[in-house]
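The listed protein sequences correspond, in order, to chains A and B.
For the first sequence, the positions run 14 to 351 when the working numbering is used.
For the second sequence, the positions run 14 to 351 when the working numbering is used.
Worksheet for the structure shown next.
2 protein chains.
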Amino acid sequence: MSITIRDVAAAAGVSTATVSRALRGLPNVDNATREKVKAVAAELDYVISPSASRLASGRTGSIAVITPYISRWFFSEVISGVESILQKGGLDMLLINVGDYQNGHARIPPTPRLKRRVDGLLIISLPPQDPDLEPILNLDMPKSMIGGITQGVDCIAIDDFLAAQMATEHLVQFGHTRIGLIAGGPAEARFVAETQRERGFRSVMTRYGLQEDSMLEAFGRFTIEGGERAMLALLNQAVPPTAVFAMSDEMAFGAMQAIRSRGLEPGEDISIIGIDNHPMSGYLNLSTVAQPVAQLGVIAAERLLAQMFALGDSAHKPDLVNVATTLIERSSTAPRKR
Amino acid sequence: MSITIRDVAAAAGVSTATVSRALRGLPNVDNATREKVKAVAAELDYVISPSASRLASGRTGSIAVITPYISRWFFSEVISGVESILQKGGLDMLLINVGDYQNGHARIPPTPRLKRRVDGLLIISLPPQDPDLEPILNLDMPKSMIGGITQGVDCIAIDDFLAAQMATEHLVQFGHTRIGLIAGGPAEARFVAETQRERGFRSVMTRYGLQEDSMLEAFGRFTIEGGERAMLALLNQAVPPTAVFAMSDEMAFGAMQAIRSRGLEPGEDISIIGIDNHPMSGYLNLSTVAQPVAQLGVIAAERLLAQMFALGDSAHKPDLVNVATTLIERSSTAPRKR
DNA sequence: TCAGTGGGTGCAAGCGTATACATGAACCGG
DNA sequence: CCGGTTCATGTATACGCTTGCACCCACTGA
């Protein structure tokens, strides 16, 4: 019914082998022949059968993007960056949402879906504790990770430790000493970024001899609503913080709302800073440490391609790539009121 | 190197045909045999080769999701809904970003990438004018669309006409007569939703005998920043509107910012209403017409599956499915000040 | 008892491409 | 003029699975 490489070969008066070589740009094909084949193929509206090609060659021409969320801002932004590169490279993108492993939902283990299906893996922020992570990492194919740290795997991320230091330092410079922390979740179930950001936060607190009060820490689950609840908890303390570092802008948004709901004004009464530079942050005047989110995806995808096309010779060495961040001061942070 | 169906067949003492049938749950396989095969397959850690299966059967087991954006809120939300259903149905999701066709970027035509690669198409909000739309629709396979209207194709959307009417009516009921409109873009390059929303807006204006002032219309490109610029343009009019209907919440966010930048207060001085019920809307007290965005994706995917599995008998008839919307009143809209 | 029935199973022919290998022509220097 | 290269091309097999068809073996009812 649909036309195959044989039809093209017949129409062009060559063998299927030549058609295959000509169309794929392989060497050792006469230029005239190649053009002829291309013309015939175009005229017949020939489209190669990926299944057949994959079966015969063993290459799938597609890579899996594994992510715990699709619609959350950070993730959709990363996916968008990844897609732009994969499209350029002519690779199919198989998007796999593994979901939040803590929800206890019966989760379909992604490994079987990857086995013979893709040539490479791009893993976005799977927590080290995620039960599916290890089987995925054991898969023998090129990989790159965003927001993770694994030996022998290309890892792309901002320096979360540093970013948290920048944010915290900013608050300290404004004279704040009682500083709250809005983290994502408890230590048992954290993204690598969370762990690093907490370390960064603590390191600055320690450096300046500021006491860390465990009552000044709350979990916001990286959602607006969670950030609001977390901030309310902090505000309910006997002595609330005068400044708060939220691990993400979205949690900071919720926190700002909580602050206002108590008749206080962010920046005026309580300083708050996040990480991300979310598109809304500018409009809400939230100070933040900006990270180039889509760029993370771009870089990760590029490094993945580099691995796939580094055929032995110019051996690609896996590495940890850190992307720079920038402190952006807005009016949500201000000097401590005396 | 990797184990094939033949290995399983040999180990189980049956033919490859039986293994194939047993593992895929086809009828006419003895129960004991089926269990035996499954056990052997599991033990050998056998994973079917999709390429071979696809080549032999002609089915790809994957569907393409075609979208102009990945990271914008509406789209990522829809994609997330789609993915959840496809994953349940055991189908691969091939995410294809066709990008904004107006940008003039050399855009890779998606059609060749679809031809033999997928069993179905899920098209998200491609404008009728999009040059790639027609070739895509001509592809002979099951399709469903979100936010489009095409005869003979399953189309899923809210009733945009009605939603706009609800929003506009809400403003009118508050006594506003000079009502501005923030649309996405000019008529030549609109999503179906835009056209319908404008019609809904106009129908209410006409019904109440309110004059439409073309100076009270501006384009916000469905971005926050665009909404801000659009609102500034409206505020620069000799007689600015006392109320504004923005076609999306994100544009409304920008508009609120613009209003504030002039020392005015949304709701107090100028009422504004959007469409979406974006997660931030509650926090920004934006009145809006809520639409279940992820649900659109879910329904579209379900209807697509229904088409694919309606094997002739219970013929699936393509239809336009309208999902209900809800007016949500918040403080960004209020009675007109006298 | 026997033709008919239907479920369980095996046989073998594809599915459409990639590629190792063979082939033949053209070209080289000695 | 000739053995050795190099390049363009063809031949033919493999890739791993699905599925139409044939087959066998209970069963069934007459």
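Yeah, the Cβ is synthetic: ideal placement off N, Cα and C, and Gly gets one too.
Values in this document were obtained by computation on a predicted structure and should not be read as measured data.
Selection B/A24, B/N44 and B/L108 evaluated against B/S84 yields B/L108 as nearest (Cα-Cα). Look at B/A65: its C-beta is under 7 Å from a C-beta on chain A. Burial check for A/T31: the Cβ neighbour count within 10 Å reaches 16 or more, so the residue is buried. Per DSSP, the unbroken alpha helix (DSSP H) holding B/M244 starts and ends at I237 to L248.
A straight line joining the alpha-carbon of A/P254 with that of A/E263 spans about 19 Å. The three-state secondary structure of B/V60, taken from DSSP, is coil.
Boundaries cannot be given for B/G26, as no beta strand (DSSP E) includes it and DSSP labels it neither H nor E. Taking a C-beta cut-off of 9 Å against chain B, the contacting residues of the segment 78 to 94 of chain A are V78, Y82, I83, S84, R85, W86, F88, S89, E90, V91, I92, S93 and G94, listed in chain order. In chain order, V78, T80, I83, L108, I137 and G310 place their CB closer than 8 Å to the CB of A/I92, counting only its own chain and leaving out the 5 sequence neighbours on each side. Ranked by how close their Cα comes to the Cα of B/E278, the residues B/L299, B/I171, B/D332 and B/A35 have B/L299 in first place. Within the segment 94 to 112 of chain A, contact with chain B at the beta-carbon level (separation under 7 Å) is assigned to E96, Q100, D105, M106, L107, L108 and N110. Leaving aside the five residues that flank A/V205 on each side, the residues in its chain whose CB is nearer than 8 Å to its CB run, in chain order, S138, P140, P141, G160, G161, I162, A170 and D173. About 6 Å separates the beta carbon of A/I192 from that of A/F258, a gap short enough to meet the 8 Å contact definition. Per DSSP, A/M179 has no beta-bridge partner at all. At a cut-off of 7 Å between C-beta atoms, A/I237 counts as an interface residue with respect to chain B. In the structure shown, B/M158 adopts extended strand secondary structure according to DSSP, grouped into three states. Taking 7 Å as the threshold, the shortest C-beta distance from B/L248 to chain A does not fall below it. Listed along chain B, the residues sitting closer than 8 Å to A/Q270 by beta-carbon distance are Y296. The bridge partners DSSP lists for B/A69 come to none.
Membership of A/G295 in the alpha helix (DSSP H) is indicated by the continuous run S294 to L297. B/Q209 and B/A196 have their C-alpha atoms some 11 Å from each other. The alpha-carbon of B/A271 is positioned some 16 Å away from that of B/T346.
By the criterion of at least three beta-carbon pairs nearer than 8 Å, the segment 38 to 58 of chain A is in contact with the segment 14 to 25 of chain A.
The beta carbons of B/G280 and B/S344 sit closer together than 7 Å. Closer than 7 Å to the CB of A/V60 there is at least one CB belonging to chain B.
For B/K128, the nearest beta carbon of chain A is closer than 7 Å to its own beta carbon. Put simply, the CB of B/P292 is near chain A, with a gap under 7 Å to one of its CB atoms. By a beta-carbon distance limit of 8 Å, A/L135 contacts A/L317. Their separation comes to about 6 Å. Judged by DSSP in its simplified three-state form, B/N41 adopts coil rather than helix or strand.
The contact set of A/L139 on chain B, defined by CB atoms closer than 9 Å, is empty, because the minimum CB distance reaches about 17 Å. Around B/G267, the same chain offers G233, T236, I237, E238, G239, G240, E241, R242, A243 and M244 as residues with beta carbons nearer than 8 Å, after the five sequence neighbours per side are excluded.
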